[in-house]
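Q: In order, the protein sequences belong to chains A and B.
Residues in the first sequence are numbered consecutively from 1, following the working numbering.
Residues in the second sequence are numbered consecutively from 1001, following the working numbering.
Just so it is clear, CB atoms sit at the ideal spot from N, CA and C, and this is done for glycine as well.
Source: prediction; values computed, not measured.
Protein chains: 2
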Amino acid sequence: MATPALDSRKHDVLETIVDCYNRTAEPVSSQKIVRDYDMGLSAATLRNTMADLEELGYLTHPHTSAGRIPTEQGYRVYVDNLMTDQKLSRKEKQFIRDRYASARRDFEEIMEQTSKILSAISHHIGVVLSPELHQSILRRLELISIDSEHILAVLLMASGAVKNQVVSIPKDLPDEELYRINRILNEKLAGLPLKQIRQISQDPVKLRAVFDRPLSDPITVVTQNTFALEQEIHVYIDGTSNFFSQPEFGEVRKIESLFRVLEQKEQVADLLSARQEPLGIQVLIGSENGCEGMEMCSIVRSSYRVRGNQFGTIGVIGPTRMAYPRIVSIVKFTSQMISKLFEESL
Amino acid sequence: MATPALDSRKHDVLETIVDCYNRTAEPVSSQKIVRDYDMGLSAATLRNTMADLEELGYLTHPHTSAGRIPTEQGYRVYVDNLMTDQKLSRKEKQFIRDRYASARRDFEEIMEQTSKILSAISHHIGVVLSPELHQSILRRLELISIDSEHILAVLLMASGAVKNQVVSIPKDLPDEELYRINRILNEKLAGLPLKQIRQISQDPVKLRAVFDRPLSDPITVVTQNTFALEQEIHVYIDGTSNFFSQPEFGEVRKIESLFRVLEQKEQVADLLSARQEPLGIQVLIGSENGCEGMEMCSIVRSSYRVRGNQFGTIGVIGPTRMAYPRIVSIVKFTSQMISKLFEESL
DNA sequence: CGTTAGCATTCTTAAAATTAGAGTGCTAAA
DNA sequence: TTTAGCACTCTAATTTTAAGAATGCTAACG
Chain A
1 MATPALDSRK HDVLETIVDC YNRTAEPVSS QKIVRDYDMG LSAATLRNTM ADLEELGYLT
61 HPHTSAGRIP TEQGYRVYVD NLMTDQKLSR KEKQFIRDRY ASARRDFEEI MEQTSKILSA
121 ISHHIGVVLS PELHQSILRR LELISIDSEH ILAVLLMASG AVKNQVVSIP KDLPDEELYR
181 INRILNEKLA GLPLKQIRQI SQDPVKLRAV FDRPLSDPIT VVTQNTFALE QEIHVYIDGT
241 SNFFSQPEFG EVRKIESLFR VLEQKEQVAD LLSARQEPLG IQVLIGSENG CEGMEMCSIV
301 RSSYRVRGNQ FGTIGVIGPT RMAYPRIVSI VKFTSQMISK LFEESL
Chain B
1001 MATPALDSRK HDVLETIVDC YNRTAEPVSS QKIVRDYDMG LSAATLRNTM ADLEELGYLT
1061 HPHTSAGRIP TEQGYRVYVD NLMTDQKLSR KEKQFIRDRY ASARRDFEEI MEQTSKILSA
1121 ISHHIGVVLS PELHQSILRR LELISIDSEH ILAVLLMASG AVKNQVVSIP KDLPDEELYR
1181 INRILNEKLA GLPLKQIRQI SQDPVKLRAV FDRPLSDPIT VVTQNTFALE QEIHVYIDGT
1241 SNFFSQPEFG EVRKIESLFR VLEQKEQVAD LLSARQEPLG IQVLIGSENG CEGMEMCSIV
1301 RSSYRVRGNQ FGTIGVIGPT RMAYPRIVSI VKFTSQMISK LFEESL
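1. Starting from lysine 91 of chain A, trace the alpha helix (DSSP H) in both directions and tell me its first and last residue.
2. If we count the other Cβ atoms within 10 Å of its Cβ and call it buried at 16 or more, is glutamate 132 of chain A buried or exposed?
3. By DSSP's criteria, arginine 1139 of chain B is part of a beta bridge. Which residues make up the other side?
4. In this structure, how does DSSP classify cysteine 1297 of chain B when only helix, strand and coil are distinguished?
5. Would the beta-carbon of serine 1159 of chain B fall within 8 Å of that of phenylalanine 1227 of chain B?
6. Quick check on this structure: which residue in B:Ile1200, B:Thr1223, B:Arg1099 and B:Ser1122 has the alpha carbon closest to the alpha carbon of arginine 1321 of chain B?
7. Straight-line CA distance for lysine 364 of chain A to arginine 97 of chain A?
8. Hey, how far is the Cα of arginine 1218 of chain B from the Cα of isoleucine 1137 of chain B?
9. Of the residues B:Asp1172, B:Ile1144 and B:Pro1204, which one's Cα is nearest the Cα of arginine 183 of chain A?
10. Which residues in the same chain have their Cβ closer than 6 Å to the Cβ of aspartate 212 of chain A, if we skip the five residues on either side of it in sequence?
11. Closer than 7 Å, Cβ to any Cβ of chain A: which residues of the segment 1218-1248 of chain B, in chain order?
12. Buried or exposed for lysine 1206 of chain B, going by 16 or more other Cβ atoms inside 10 Å?
13. Taking its Cβ as the centre, do 16 or more other Cβ atoms sit within 10 Å of glutamate 55 of chain A, making it buried, or is it exposed?
14. Leucine 1155 of chain B and valine 1166 of chain B: beta carbons closer than 8 Å?
15. Measuring alpha carbon to alpha carbon, tell me which residue in B:Gln1202, B:Ile1146, B:Arg1208 and B:Glu1142 is nearest asparagine 1186 of chain B.
16. Less than 8 Å separating the beta-carbons of isoleucine 1255 of chain B and phenylalanine 1243 of chain B?
17. How should glycine 1286 of chain B be labelled, buried or exposed, when 16 other C-beta atoms within 10 angstroms of its C-beta is the threshold for buried?
18. Could you tell me which whole alpha helix (DSSP H) segments of length 4 or greater appear in the segment 1121-1202 of chain B?
19. Where does the unbroken alpha helix (DSSP H) through threonine 220 of chain A begin, and where does it stop?
20. Which value, in whole angstroms, describes the spacing of the CA atoms of proline 1193 of chain B and glutamine 1135 of chain B?
21. How would you call serine 335 of chain A, buried or exposed, if buried means at least 16 neighbouring beta carbons within 10 angstroms?
22. Which first and last residues belong to the beta strand (DSSP E) in which glycine 1318 of chain B is found?
23. With a CB to CB cut of under 8 Å and the five nearest residues on each side skipped, what residues in its chain are close to lysine 1116 of chain B?
24. So is glycine 1290 of chain B buried or exposed if we call it buried at 16+ other beta carbons inside 10 Å?
25. Is the Cβ of asparagine 164 of chain A closer than 8 Å to any Cβ of chain B?
26. What's the C-alpha gap between arginine 1208 of chain B and leucine 1129 of chain B?
27. How would you call lysine 87 of chain A, buried or exposed, if buried means at least 16 neighbouring beta carbons within 10 angstroms?
28. According to DSSP, is proline 1027 of chain B helix, strand or coil?
29. By the 8 Å beta-carbon criterion, what residues does the segment 1286-1318 of chain B contribute toward chain A?
30. Does the beta-carbon of threonine 313 of chain A have 16 or more other beta-carbons within 10 angstroms, so that it is buried, or is it exposed?
31. Of all the options A:Tyr21, A:Ile317 and A:Val300, which has the alpha carbon lying nearest to the alpha carbon of leucine 59 of chain A?
32. Determine which residues share a DSSP beta bridge with threonine 60 of chain A and list them.
33. Give me the Cα-Cα distance between aspartate 19 of chain A and serine 298 of chain A, rounded to the nearest whole angstrom.
34. Measuring only between beta-carbons, confirm whether valine 1154 of chain B sits less than 8 Å from chain A.
35. Alpha carbon to alpha carbon, what distance is there between arginine 307 of chain A and isoleucine 338 of chain A?
36. DSSP puts tyrosine 304 of chain A in a beta bridge; with which residues?
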């Protein structure tokens, strides 16, 4: 590992400072530690150690006569090596289960509820990204006539997700023909991942191979139009106003940049989506998220599994000074819950 | 009218002050008026008139040595009697049309786009309430099997709105039976307003009359479960971060209460919905909206017509100090646009 | 040699004092 | 009735002052 190993004392002191700062939001002084934590060290000794930790880049000074606060690097070490797991209490787990129990009716409701749960229990912002549809398997497809030139295609995915799509059709397609097309599409395409279906629908050769029809045939036209959909990920956000109670966001201009980002769903999706490392928890500390306007925020995210190799993401966005052990546990547990939910319910 | 009629000078002065304050967000002094507006009156005269207007309750003082700002009552008079229409420019109208042109694909997209248009052009918050479903006419119903105990009911409304609903069904209903039920439901219920269908579905007597089946029959069970849906209005909000650039919201605590309300979609829906007066523009000034935390905001709202007697609402939420004539024009024009859109597209 | 007490130093923050200026209300004259 | 002039009030910005918090360093201690 690139970071030099810390001796046991530095280890303890850094952990204590992070912990203390997370709770008070104020720079931590040597005296504060002596008073509040029983470390068996004098203030002077702590000052020496703190100076060392600052030397190493894990702490800073806002100014000379102020206590220390962790740097992003300090948080990094804390999250990677120092912090101790903090399991959720029985009560909290029960809270989460109860919330799901009251809401497991349909896919969208689960998504919404999850973001609400995350924000309610973390007191930060809860975010849920719906699973990427094109990894998802098509369970069933239904074509509903709207008018002479349009139909509504209802795509029911194995995950329970439903996608409605208005599709243009060749003019004056008789109803019986539409039924026939619908039946054939289900026969040929149900059970395949959307990704593969899309490949077929965009490739004239495969299209002919699958349906054994000329390209002008209505069935190929409908297929093309139905599956021309671009990837569309829904973003569910809740708890944004929790940020107002964070003391470090006491000025409008600090909170403004954050909210401008949150209003752009695409940006939030980029921020959360963790395609490269599909499993497990990830913690992005401060500017690591690489998003302008979010330098003061950390993100704890985890993918969840819907079925087979289909993934979505959930996460919590909070101030860099967040209670990492707790938030990590929350995100971990919730992502397990949601994965389980999808497996048993289907 | 309860308010005493203003003589022509008071009329002009009040209008000028409202106008000036709306633009500068600063208390308006007599000198300011002399300098910026050519009213042919001296500062002293203006001061006298302003004192009169304060006496009448239309203006206030923040403190002795400050200019005047309008009271809510002052705004009320301004909006009701004083302000002159300010039509949208050709450019702005074109902007709106263009935005719709690029997005008229499906119902939900129109809703989303409308809130974006409203906020983009007003520089305030744009809100759209989807039409109340139960006024809406059912065009077509499709039942899609999910598993042995659940189906997905897809309700396609005449307006183009689509409502997906997971419905419990009697166990092991064979597919052919489901098709048959589906066909019968469409025969009997398509073309009726959802409200009426709901009445039928919840009333055993009517249910028997319509389907001529015993209450234990699968078809009645499915009908009951499908139409047991409570009224659900979708709320589309955009442009919340516009509030950060308003000088009167320079302190976090003022903006906080607003955002806490906006996060509660139900509250926003209540705020906007104008069931009592279904047609035309309404302006709620400051605390008139009766919503705690929104005393500093005004709302300009208008219902739009989807088809027949089916209504939704659009609106703009901004600071009490908003450019009423302009915002009113925007909301008026947009609600006409959206009404037209729904009529021609279907 | 690591640890600690003591202390001068530095810097922040809050409170108090000062000042400049903006706008009013009133009075008296046009 | 309108307007010029002016004393008065209050705000907001700036400076001054003071208090306090935490540090780093030095020297003593075990």
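A: Result, derived from the coordinates:
1. 90-101
2. buried
3. None, per the DSSP bridge assignment.
4. strand
5. no
6. Nearest in C-alpha terms to arginine 1321 of chain B, of all of B:Ile1200, B:Thr1223, B:Arg1099 and B:Ser1122, is B:Ser1122.
7. Because chain A here runs from 1 to 346, residue 364 of chain A falls outside it and cannot be looked at.
8. Inspection of the sequence shows that residue 1218 of chain B is occupied by proline rather than by arginine. Looking at the two C-alpha atoms, the distance is approximately 24 Å.
9. The candidate whose alpha carbon is nearest that of arginine 183 of chain A is B:Ile1144.
10. Excluding residues within five positions, none has a Cβ falling inside 6 Å.
11. Thr1240, Ser1241 and Phe1244
12. exposed
13. exposed
14. no
15. B:Glu1142
16. yes
17. buried
18. 1175-1189 and 1194-1202
19. 218-226 is the span of the alpha helix (DSSP H), which, as asked, contains threonine 220 of chain A.
20. 6 Å
21. buried
22. 1310-1319
23. Arg1099, Gly1126, Asp1238 and Gly1239
24. exposed
25. yes
26. 35 Å
27. exposed
28. coil
29. none
30. buried
31. Distance from the Cα of leucine 59 of chain A is smallest, within the candidate group A:Tyr21, A:Ile317 and A:Val300, for A:Tyr21.
32. A:Ile69
33. 16 Å
34. Chain A, which has a Cβ nearer than 8 Å to the Cβ of valine 1154 of chain B, makes this yes.
35. 11 Å
36. A:Gly312
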